[in-house]
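Notes follow once the structure below has been shown.
Numbering (full-length UniProt numbering), first residue to last: 1 to 353.
So, in structure tokens, the structure goes:
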């Protein structure tokens, strides 16, 4: 048996289970790493959809937050000089004009942002730059009817793409060599297109997933799509943390846990209330959550504690008590094992950011 050298303290690091990892990803302390930056250029057309544009930008900014680095940078370009009006009449002043951008392939991704009232007439200068970017394998995207301008450039020939339904007739007649999809968004290889504001989030998440990693894009989805619409007959719940595929028993156990964070129940009592054996409950959690009920319960309490820590002025001892920890010391130790930083340090870091 190996002896631990005197004076050394073993650092315990525990990982969140999949359902809880995504919601806490932004707050887990990360080692400083250098990653290749991805530069994204948004071509904003007159009357572009402001909702779609801000959704796309929000996805990139949130991805940076989740990763703890500036993985994505973005800039805007207009077809001419001066302000570009959105569909809401709110204008933005692009960072560049098309004349100033000598080559779109200087960017890793180029996304054309259209809107309901955007003119579909071809801009030869934009088409030339997009065509050249396509040859250089630059990632290309189209939002709302932005795909029309990719089609003008010939980069959609033989490829599927998504487009706002009101522009389908125009596209079918004008671009017979492209494959118009009935899907709200399409992402494949280096081309990503969406048909409207809601589907832009899905398109951008697919783009983020391609560039980064699956856990990262899932964490971004967790933050930005917590209020997605649900079927009419479903009970609205803002957040359950569980996958839709989780069986009813697991969801009921989750509700019991969420309702009893300050005075945690024993797993045996939860199983008894649900009229199943503890062993069966543990098997179900292991199968669908990849964690034991007790570990998942602890993660719920720590997540609730993290929210209070950053969103309230409650003392750490009060937060520990409200999340069922018998002492501040025990709470701080468990918190640091999962977040790699103490509660005091996390609150201090948040105050300086």
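All C-beta atoms in this analysis are idealised placements derived from N, C-alpha and C, irrespective of residue type, glycine included.
Around the CB of residue 187, 16 or more other CB atoms lie within 10 Å, so the residue is classed as buried. At a Cβ-Cβ threshold of 8 angstroms, residue 178 and residue 159 count as neighbours. For residue 193 against residue 162, the beta-carbon gap comes to about 4 angstroms, under 8 angstroms, which counts as contact. The three-state secondary structure of residue 109, taken from DSSP, is strand. With fewer than 16 other beta carbons inside 10 angstroms of its own, residue 91 counts as exposed.
DSSP, read as helix, strand or coil, puts residue 219 in helix. Rounded to whole angstroms, residue 189 and residue 107 show a C-alpha spacing of 17 angstroms. For residue 128, the closest of 115, 314, 101 by C-alpha to C-alpha distance is 101. Contact between the segment 33-52 and the segment 70-81 is present, with at least three C-beta pairs closer than 8 angstroms. Residue 110 and residue 141 have their C-alpha atoms spaced approximately 6 angstroms apart. Taking the CA atoms as reference points, residue 19 sits about 47 angstroms from residue 99. Across the set 152, 262, 166, 278, the C-alpha of 152 shows the shortest separation from the C-alpha of residue 121.
Secondary structure at residue 52: helix, using DSSP grouped into helix, strand and coil. Taking every protein chain shown into account, the CB of residue 164 has 16 or more other CB atoms within 10 angstroms, so this residue is buried. A buried status is given to residue 299, since no fewer than 16 other beta-carbon atoms sit within 10 Å of its beta-carbon.
By the neighbour-count criterion, in which a residue is buried when 16 or more other Cβ atoms sit within 10 angstroms of its Cβ, residue 343 is buried. Straight-line spacing of the CA atoms in residue 64 and residue 276 works out to 43 angstroms. Spanning the alpha carbons of residue 116 and residue 340 requires a straight line of approximately 47 angstroms.
Inter-residue distance for residue 347 and residue 83 is about 41 angstroms (C-alpha atoms, whole angstroms). Within its own chain, the residues whose Cβ lies closer than 7 angstroms to the Cβ of residue 60, once the five positions on either side in sequence are excluded, are 40, 72, 74, listed in chain order. Here residue 266 is exposed. Its C-beta has fewer than 16 other C-beta atoms within 10 Å.
Scanning 308, 245, 196 for the CA closest to the CA of residue 51 turns up 196.
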